[in-house]
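Written out below as structure tokens is the structure these notes cover.
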């Protein structure tokens, strides 16, 4: 499945497509509260008052306890069960090396840039149930239900057009990531994904949804095995950073544009996360043209 790169040779892109096994999802999973559930908390990152004031106005929020630890463990179990035997490249493992998207359905293996293992699982039911938890928070409904071009840092309003984006759904594609000791994702900005809705309208992602599936020592102390692995927002010269550390059930939502970030090296243990995106439907309203006054000839 993967091309082998000779020394000093650029990696060869491979055509990729992802299919999964049918997985039985328990009827009550993410619909009822398990015994280890806690109330969801919400915090918006105020970049102006961090070491990265240049991101003032950028949208990023942290929600804790969206999933309980037992629900996180179950989600990993379900993801591993979704992998077809013919897609397993490592004997006895459901995890394959994470590739880098280069467009047109092609990806490349670049371990010096992105070094982790991955499972791709398309399942709208799971992400809909997850969003059902997240949208309970009033601030989420208020800020993420709709926005206009120009509302987000790094976007511009279009002259003569009132361009709005209305929340449509969470992208069904979940990218489960497993980082062992020494693995990482080097600095980057997340790219947008587009598709066409059934009615022909444009759908595009504008926000990353990142769910952490296990705890780190930075968050809970020595009872966790994981050390490192923060999602770090970075200055352009990479000299300043603000970390969001892994915590089981924590969700980080942030805008694609402008927010330069990395997945820090794991120093000990294993980090499990899953990433998806928020899809929005394009709505354009032409601004009325002012009628010209007709003066004397």
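In this note's numbering, the protein residues as written are 3 to 299.
Glycine included, every Cβ here is placed at the ideal spot set by N, Cα and C.
query, result
"Could you tell me which of 66, 62, 164 sits nearest to residue 48, measuring between CA atoms?", "62"
"Hey, how far is the Cα of residue 207 from the Cα of residue 254?", "15 Å"
"To the nearest angstrom, how far is it from the Cα of residue 283 to the Cα of residue 173?", "12 Å"
"So residue 254 is in the beta strand (DSSP E); what residue range does that whole segment cover?", "253–257"
"How close, in whole Å, do the beta carbons of residue 305 and residue 121 come, if the pair is a contact with beta carbons under 8 Å?", "There is no way to answer for residue 305, as the model of the chain reaches only from 3 to 299."
"Pick helix, strand or coil for residue 223, following the three-state DSSP scheme.", "helix"
"Quick check: the region 273–283 against the region 149–168, are there 3 or more CB pairs under 8 Å?", "yes"
"From residue 56 to residue 246, what does the alpha carbon distance come to, in whole angstroms?", "18 Å"
"Only counting the same chain, and skipping five residues up and downstream in sequence, which positions put a Cβ closer than 8 Å to that of residue 43?", "65, 66, 67"
"Give a yes or no on whether the C-beta atoms belonging to residue 107 and residue 17 are separated by under 8 Å.", "yes"
"Rounded to whole angstroms, how far is the Cβ of residue 257 from the Cβ of residue 209, which I believe are closer than 8 Å?", "6 Å"
"Which residues in the same chain as residue 20 place their Cβ atom closer than 6 Å to its Cβ, once the five residues preceding and following it in sequence are excluded?", "122"
"Name the residue from 250, 238, 237 whose alpha carbon lies nearest to the alpha carbon of residue 231.", "250"
"Is it true that the CB of residue 216 sits closer than 8 Å to the CB of residue 189?", "no"
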